[in-house]
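Participant: Once you've had a glance at the structure underneath, I'll fire off some questions.
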Amino acid sequence: KQEVTQIPAALSVPEGENLVLNCSFTDSAIYNLQWFRQDPGKGLTSLLLIQSSQREQTSGRLNASLDKSSGRSTLYIAASQPGDSATYLCGGVTGGSEKLVFGKGTKLTVNP
Amino acid sequence: DAGITQSPRHKVTETGTPVTLRCHQTENHRYMYWYRQDPGHGLRLIHYSYGVKDTDKGEVSDGYSVSRSKTEDFLLTLESATSSQTSVYFCAISGLAGGGGTDTQYFGPGTRLTVL
Chain A
150 KQEVTQIPAA LSVPEGENLV LNCSFTDSAI YNLQWFRQDP GKGLTSLLLI QSSQREQTSG
210 RLNASLDKSS GRSTLYIAAS QPGDSATYLC GGVTGGSEKL VFGKGTKLTV NP
Chain B
86 DAGITQSPRH KVTETGTPVT LRCHQTENHR YMYWYRQDPG HGLRLIHYSY GVKDTDKGEV
146 SDGYSVSRSK TEDFLLTLES ATSSQTSVYF CAISGLAGGG GTDTQYFGPG TRLTVL
């Protein structure tokens, strides 16, 4: 059974800092991994989807990587801004399944 | 915005009453999902659908049923609501133009349900 973990649960950084959010998974047969952003009281917004055949995906200031062998994905945010403050969740789909298994998220606060 | 609406957005009900939540999409995605989100548990899959009248259970399906009679609508029913079903419920869609359930998932705004 796939298990997804996000550590730390909360992170506070000053504006302008580059930062990395971590996502670990237990089953290396992962098919793809998605990163989402959730603002308070809102639904999830998809940021990046990275397939198992890819190593990286980029969108603007965001870069996601996937390393199946180590069971780890990272979301890199460059030059963080207060508007980046939100909870970031990752979710993985394991081969043979069509179900996303989510981590519990990392709450990011970017201080002006 | 992937064209997903959920109704109602907020509901307060009493223990033992039936409750139906509706998810409506305008994007013709093949797959639709119902999740619940709770502090300390994160997002958990309740049921999902891979086509009209085709549904399957998720991780926390007990006490819930679903129906999908049209591509655009996916209903979640709590037959007899309990306080443990107090939660925020999210609908999601994926699989545009016949694509699979492993495509990007897009989420609705959520329904906050309180069972007294």
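Chains as they are written, first to last, in our numbering: chain A, 150 to 261; chain B, 86 to 201.
Even glycine gets a Cβ: it sits at the ideal position worked out from N, Cα and C.
If you're wondering where the values come from, they're calculated on a predicted model, not measured in any experiment.
Alpha carbon to alpha carbon, what distance is there between Ser-195 (chain A) and Asn-212 (chain A)?
Facilitator: For the purposes of this step, residue 212 (chain A) is taken as the residue at position 63 of the first sequence. For the purposes of this step, residue 195 (chain A) is taken as the residue at position 46 of the first sequence. Cα to Cα, the separation comes out at about 13 Å.
Participant: Starting from the N-terminal side, write out each stretch of the alpha helix (DSSP H) that is 4 residues or longer and does not extend beyond the stretch 158-242 of chain A.
Facilitator: Within the stretch 158-242 of chain A, no complete alpha helix (DSSP H) run reaches 4 residues.
Participant: Please list, in chain order, all residues of the same chain as Ala-177 (chain B) whose beta carbon is under 6 Å from its beta carbon, the five residues on each side excluded.
Facilitator: Indexing the second sequence from 1 puts residue 177 (chain B) at position 92. Around Ala-177 (chain B): Tyr-118, Gln-190 and Phe-192.
Participant: What do you reckon, is the C-beta of Gln-110 (chain B) under 7 Å from a heavy atom of the ligand GTP?
Facilitator: This structure simply doesn't include the ligand GTP, nor any ligand for that matter.
Participant: Secondary structure at Ser-169 (chain B), three-state DSSP: helix, strand or coil?
Facilitator: Counting from 1 along the second sequence, the entry for residue 169 (chain B) is found at position 84. In the structure shown, Ser-169 (chain B) sits in a helix (DSSP, three-state: H, G or I).
Participant: Tell me, which residues are paired with Val-145 (chain B) by DSSP?
Facilitator: One-based indexing of the second sequence puts residue 145 (chain B) at position 60. Its beta-bridge partners do not exist; DSSP assigns none.
Participant: Examine chain B for any beta-carbon lying closer than 8 Å to the beta-carbon of Ser-202 (chain A), and answer yes or no.
Facilitator: One-based indexing of the first sequence puts residue 202 (chain A) at position 53. Taking Cβ atoms only, chain B never reaches closer than 8 Å to Ser-202 (chain A), which makes this a no.
Participant: Is there a C-beta anywhere in chain A that falls below 8 Å from the one on Pro-194 (chain B)?
Facilitator: The residue you call residue 194 (chain B) lines up with position 109 of the second sequence. Closer than 8 Å to some Cβ of chain A, the Cβ of Pro-194 (chain B) qualifies, so yes.
Participant: Classify Arg-153 (chain B): buried if its beta carbon has 16 or more other beta carbons within 10 angstroms, exposed otherwise.
Facilitator: For the purposes of this step, residue 153 (chain B) is taken as residue 68 along the second sequence, with counting starting at 1. Buried: at least 16 other Cβ atoms inside 10 Å.
Participant: In three-state DSSP terms, what is Ile-156 (chain A)?
Facilitator: Numbered from its first residue, the first sequence carries residue 156 (chain A) at position 7. The answer is coil: DSSP assigns Ile-156 (chain A) none of H, G, I, E or B.
Participant: Short of 7 Å Cβ to Cβ, which residues in the stretch 177-205 of chain A face chain B?
Facilitator: So the close ones are Tyr-180, Asn-181, Gln-183, Lys-191, Gly-192, Leu-193, Ser-195 and Leu-198.
Participant: Can you tell which of A:Ser-246, A:Asn-181 and A:Ser-229 has its C-alpha closest to the C-alpha of Val-169 (chain A)?
Facilitator: By 1-based counting over the first sequence, the position of residue 169 (chain A) is 20. Taking only the C-alpha atoms, the option nearest Val-169 (chain A) is A:Ser-229.
Participant: Looking at Tyr-120 (chain B): is its Cβ nearer than 8 Å to the Cβ of Arg-107 (chain B)?
Facilitator: Within the second sequence, residue 120 (chain B) is the residue found at index 35, counting from 1. Within the second sequence, residue 107 (chain B) is the residue found at index 22, counting from 1. No, they are not a contact pair.
Participant: Can you grab the Cα-Cα spacing for the pair Leu-182 (chain A) / Gln-91 (chain B), in whole Å?
Facilitator: As a position in the first sequence, residue 182 (chain A) is number 33, starting the count at 1. As a position in the second sequence, residue 91 (chain B) is number 6, starting the count at 1. Roughly 25 Å between the two C-alpha positions.
Participant: Which same chain residues end up closer than 6 Å to Ile-199 (chain A) when comparing Cβ atoms and leaving out the 5 residues on each side of it in sequence?
Facilitator: Counting from one through the first sequence, the residue named residue 199 (chain A) turns up at place 50. So the qualifying residues of the chain are Leu-182, Gln-206, Ala-213 and Leu-215.
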